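Enquirer:
Number of protein chains: 2
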Amino acid sequence: MKTEPFQWIEGGGATSAAGWMACGVAAGLKAGRNDMAMLLSDRPAACAALFTSNKVPAAPVQYDRPLAAKGRCRGVVVNVGCANACTGRAGYADTVATGRAAAAAAGVPVEQMLVCSTGTIGRRLPMDRVLAGARAAAAALRPDGGAEAAAAIMTTDTVPKQAALRVKIGRVEYTIGGMCKGSGMICPNLATTLIFLTTDARVAPAALRAALKAAVAKSFNRVTVDGDQSTNDTCVLFANGAAGGPALSPSAPGWKKFVSALSAVALSLAKQIVMDGEGATKFVTCAVEGAASAADAYAAARTIANSPLFKAACFGGDPNWGRVICAVGNSGAKCAELKTRIFFDDVCVFDRGRLATDAENARLADVMKQRAFEVRVDLGMGRFSDAVYTSDLSHGYVSINADYTT
Amino acid sequence: MKTEPFQWIEGGGATSAAGWMACGVAAGLKAGRNDMAMLLSDRPAACAALFTSNKVPAAPVQYDRPLAAKGRCRGVVVNVGCANACTGRAGYADTVATGRAAAAAAGVPVEQMLVCSTGTIGRRLPMDRVLAGARAAAAALRPDGGAEAAAAIMTTDTVPKQAALRVKIGRVEYTIGGMCKGSGMICPNLATTLIFLTTDARVAPAALRAALKAAVAKSFNRVTVDGDQSTNDTCVLFANGAAGGPALSPSAPGWKKFVSALSAVALSLAKQIVMDGEGATKFVTCAVEGAASAADAYAAARTIANSPLFKAACFGGDPNWGRVICAVGNSGAKCAELKTRIFFDDVCVFDRGRLATDAENARLADVMKQRAFEVRVDLGMGRFSDAVYTSDLSHGYVSINADYTT
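Sequence lines, in order, name chains C and D.
Counting in this note's numbering, the first sequence runs from 322 upward without gaps.
Counting in this note's numbering, the second sequence runs from 322 upward without gaps.
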């Protein structure tokens, strides 16, 4: 193991970086819990954002996209319980009103307050509660409110998801942190669910966008629970420069280190999403190596990770490695039976035509009993590799989604 | 309803057409049941076949492909319990030996006997039992053995799947029938699982291939249970001319009627597969109309039909139509919220921005309680339509696949 050039902050999150405040409040959208959150910088900040590629984006996605494109946002207000998706022009007006109320209460320009919603599609927001909640949230902001905010944005999540670390670049120590929510409708494509990353580094919007894209590529774009991408997926990275020091940029020293630290936070959050996948009992790393191209490596890893048959076998701990090679054969990646090797952790179950022995199959069953394991496929075709992280398909997933709205 | 120009044969199947024999025998591959089947024409026959596009095809697929390409095959021998996939050169030799034994016992040229296997991937066939089973099957062939063969090829299927009909073309009455197996690993792409279609019409191999492709396009290529395509998928159509009459061909009169009758048999079998989908409790038709292109219509229908979130909602009868529009937005098809309409049977739940009323949502819940219903999306973008058939995602699916091999 190489030593990571940064220090993780235990219990850290979206308010670990200097100048950031957050909170969670109960607006009455979900009974008996906090259901709205706000995240705000105490000074001007740059921002970069990625949104769902779903062609029926929710109202807040339509609203945020042009605001985030300007590169200067101070914060975000979030509600759960209702996605405000497929609600037409009236739903869009609800988002505008929410943003207006939140910005006014927080004392920031209206175009610098983003709005995010998550929950059921095709229902209108209860606006009296949402507007009161936005005002209450602005009044409740505090520098140690990150954990409370992370808990408030949960939907079917069973645990809040946060991460933060410190990284020294030159003589300045920066903090990067974040929170996210999501456990179903998780698909490796663009940003997934709601993700908010903050830092006290000073970074111009264009550079921030490059850093975010790089960090998301191998984190949120590499996790899958069920292959569905929602109408509301949003990932925002804010940088407020509160740590001081020179502006970071791709041409300045330390940029790679910054992106690498940001990527580590993103990957930690992405893995937390998979660990908390709806009904998940297992965390499975689907790694592919020896692929003929980067696209092949990704396609093969993703197809394994999305195969309901393989995921159900993981749930049952069924040592059915045939479903892995079947998925690889289905992925479109260049492959051949007599060149393929399959490993579960350190157990080789298929070696270019040679089948696992009974002893190896018994060891495979032991590997699959673990809470987390890796399946690794060497295609023997080239030098490209990739990995996608997935959960198992359990009775819990079916139960959660069989009566989500009722 | 327009009257169909053919008569269904109750209880009919692969031996309904003249000159066809079949049987099922117990070879000891699965305890307490028949596990091998044979289907044979009593005279020379033309054949056409479609195979899985999985890049790790099983040994029998590798073996059958060149034989079927010659266009002249008399029959097929089938085993369950072991897919003989990923078994390398030794597994291929097992298939060769099986075909040789079956052909010799049935008294037909070795290159006219196809071999199919289905079951667990990555295990060798118990060859002593398979060879004895092939010989026993040849001795047990009988003209009314279709139902017995359909039962013998079942794996996780809970019911055998057969269909047959009569169609009059000119002065000759032809019979077309078939059987298939499959309930998991069902994906709309090329032929799916094992499907054997027979007719007593006289059709040359090239024409037969055209007819098969047309029939499969809107039947087996339009059903999905879990989006996985297996290593062994095979669909064969045999024509032995036993009914007499002139050769049917695309340029001869009655060809469209023949293809339409063949398509009806294929669609009946395909729907039986979905009805018997692993753990399925619902049959859901996912229809798309008003698409800007045929590709868009198919992509949207397929994405709805493959969405685990929508399928779980169908299981629970959760009136969560938001998952339908979310899937459509994800499909890549051209669409817009304010042009889209969504129906469940005759209930409109979303009309170009207008949300369902409480009364409509209540009626939606009633629709989803049925054993079978249709979700229909009008994209309002053009004139193309398509439909994909799917089952729900239930606890039964998870249970079946969590311990398939153990």
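All C-beta atoms in this analysis are idealised placements derived from N, C-alpha and C, irrespective of residue type, glycine included.
Since we're looking at a predicted model, the values are computed, not measured.
Which residues does DSSP list as the beta-bridge partners of C:LEU360?
Expert: DSSP lists C:ALA343 and C:VAL397 as partners of C:LEU360.
Enquirer: Mind checking which residues open and close the alpha helix (DSSP H) that includes C:CYS635?
Expert: That run of the alpha helix (DSSP H) goes 629-637.
Enquirer: Spatial neighbours of D:ALA404 within its chain, please: CB distance less than 7 Å, with the 5 preceding and 5 following residues excluded, ordered by chain position.
Expert: Around D:ALA404: ALA379, SER438, THR439, GLY440, THR441, ILE442, THR552 and ASN553.
Enquirer: Please list the terminal residues of the continuous alpha helix (DSSP H) segment that includes C:GLY349.
Expert: That residue, C:GLY349, is in no alpha helix (DSSP H); it is neither H nor E in DSSP.
Enquirer: Closest to C:ALA471 by CA distance: which of C:ALA459, C:ALA461, C:ALA484 and C:ALA460 is it?
Expert: Taking only the C-alpha atoms, the option nearest C:ALA471 is C:ALA484.
Enquirer: Kindly indicate which three-state DSSP category D:ARG740 falls into: helix, strand or coil?
Expert: Within the shown structure, residues of chain D are numbered from 322 to 727, placing residue 740 of chain D beyond reach of any answer.
Enquirer: Apart from the five residues on each side of it in sequence, which residues of its chain come closer than 8 Å, Cβ to Cβ, to D:GLY533?
Expert: The residue asked about is misnamed: residue 533 of chain D is Leu in this sequence, not Gly. Counting only Cβ-Cβ distances below 8 Å, and skipping sequence neighbours, we find ALA369, ALA370, LEU371, LEU518, CYS556, LEU558 and LEU583.
Enquirer: Along chain D, which residues have their Cβ under 8 Å away from the Cβ of C:THR441?
Expert: The contacting residues are ASN641 and GLY643.
Enquirer: Under the rule that 16 or more other beta-carbon atoms within 10 Å means buried, what is C:VAL431, buried or exposed?
Expert: Counting Cβ neighbours within 10 Å, C:VAL431 comes out exposed, since fewer than 16 surround it.
Enquirer: Counting pairs of beta carbons, one from the segment 567-576 of chain C and one from the segment 684-703 of chain C, are three or more of them closer than 8 Å?
Expert: Touching, no, given that fewer than three Cβ pairs across the two stretches are closer than 8 Å.
Enquirer: Thinking C:VAL709 and C:ALA622 are a contact (beta carbons under 8 Å), I'd like their distance in whole angstroms, please.
Expert: Rounded, the Cβ-Cβ distance is 4 Å, consistent with contact.
Enquirer: Note down the Cα distance separating C:PHE579 from C:LEU486, rounded to an integer number of angstroms.
Expert: Whole-angstrom Cα-Cα distance: 11 Å.
Enquirer: Inspect the beta-carbon positions of D:GLN339 and D:THR496 and report whether they are closer than 8 Å.
Expert: Just to set this straight, residue 339 of chain D is Ala in the shown sequence, not Gln. For D:ALA339 and D:THR496, yes; Cβs fall inside 8 Å.
Enquirer: Select from C:ILE490, C:ALA390 and C:LYS376 the residue whose C-alpha is nearest the C-alpha of C:PRO326.
Expert: Answer by Cα proximity: C:ILE490.
Enquirer: Helix, strand or coil: which one does DSSP assign to D:TRP642?
Expert: Residue state, collapsed to three classes: coil.
Enquirer: Flag this pair as yes or no: are the beta carbons of D:VAL595 and D:SER712 separated by less than 8 Å?
Expert: In contact: D:VAL595 and D:SER712 (Cβ atoms closer than 8 Å).
Enquirer: Where does the unbroken beta strand (DSSP E) through C:GLU681 begin, and where does it stop?
Expert: Segment 679-690 is the alpha helix (DSSP H) holding C:GLU681; no beta strand (DSSP E) there.
Enquirer: Once DSSP output is grouped into helix, strand and coil, what is the label at D:ALA470?
Expert: Helix.
Enquirer: Using 8 Å as the threshold, is the C-beta distance between C:VAL728 and C:SER706 below it?
Expert: Because residue 728 of chain C is not part of the residues shown, which for chain C are 322 to 727, the question remains open.
Enquirer: Leaving out five residues on either side along the sequence, give the residues of the same chain with a beta carbon under 6 Å from the beta carbon of D:SER540.
Expert: Only ALA587, LEU588 and ALA591 meet the Cβ criterion.
Enquirer: Taking all protein chains shown into account, do 16 or more other C-beta atoms lie within 10 angstroms of the C-beta of C:ARG395, making it buried, or fewer, making it exposed?
Expert: Buried, since its Cβ has 16 or more Cβ neighbours within 10 Å.
Enquirer: Are the beta-carbon atoms of C:SER614 and C:GLY703 separated by less than 8 Å?
Expert: Result yes, Cβ atoms of C:SER614 and C:GLY703 sit closer than 8 Å.
Enquirer: If you follow the beta strand (DSSP E) that C:ASP449 is in, where does it begin and where does it stop?
Expert: Here C:ASP449 belongs to no beta strand (DSSP E); instead the alpha helix (DSSP H) covers 448-461.
Enquirer: Hey, D:ALA406 and D:LEU435: beta-carbon distance below 8 Å or not?
Expert: Contact flag unset, no.
Enquirer: Measuring alpha carbon to alpha carbon, tell me which of D:ALA367, D:THR514 and D:TRP341 ends up nearest D:PRO464.
Expert: The candidate whose alpha carbon is nearest that of D:PRO464 is D:TRP341.
Enquirer: Let me check understanding here. Comparing Cα to Cα, which of D:ALA634, D:ALA459, D:ALA367 and D:ALA616 lies closest to D:LEU728?
Expert: Residue 728 of chain D is absent from the structure shown; chain D starts at 322 and stops at 727.
Enquirer: Count the other C-beta atoms from every protein chain shown that fall within 10 angstroms of the C-beta of C:ASP415, then say buried if there are 16 or more, exposed otherwise.
Expert: So C:ASP415 counts as buried.
Enquirer: Indicate whether at least one CB of chain A lies closer than 8 Å to the CB of D:ASN400.
Expert: Among the protein chains of the structure shown, namely C and D, there is no chain A.
Enquirer: I need the straight-line Cα distance from C:GLY701 to C:GLU681, nearest angstrom please.
Expert: So the two alpha carbons sit approximately 21 Å from each other.
Enquirer: By the 9 Å beta-carbon criterion, what residues does the segment 374-408 of chain C contribute toward chain D?
Expert: Listed by position along the chain: SER374, ASN375, LYS376, VAL377, PRO378, ALA404, ALA406, CYS407 and THR408.
Enquirer: Taking C:VAL595 as the query, report the chain D residues whose CB atoms sit under 7 Å from its CB, ordered along the chain.
Expert: Neighbours of C:VAL595 on chain D: none; closest Cβ ~15 Å, over 7 Å.
Enquirer: Is C:VAL668 a contact residue of the ligand MN, with contact defined as CB to any heavy atom under 7 Å?
Expert: Ligands are entirely absent from the displayed structure, and the ligand MN is therefore not among its contents.
Enquirer: What are the residues that DSSP puts in a beta bridge with D:ARG697?
Expert: Looking at the DSSP assignment, D:ARG697 forms a beta bridge with D:ALA608 and D:PHE664.
Enquirer: Please confirm if C:CYS437 has its CB atom under 8 Å from at least one CB of chain D.
Expert: By this cut-off, C:CYS437 is not an interface position.
Enquirer: Which value, in whole angstroms, describes the spacing of the CA atoms of D:THR373 and D:LYS502?
Expert: Answer to the nearest angstrom: the Cα atoms are 15 Å apart.
Enquirer: Between C:MET506 and chain D, is any beta-carbon pair separated by less than 8 Å?
Expert: Unreliable placement is indicated for C:MET506, whose pLDDT of 49 sits below 50; the coordinate value is still reported in the next sentence. C:MET506 counts as touching chain D.
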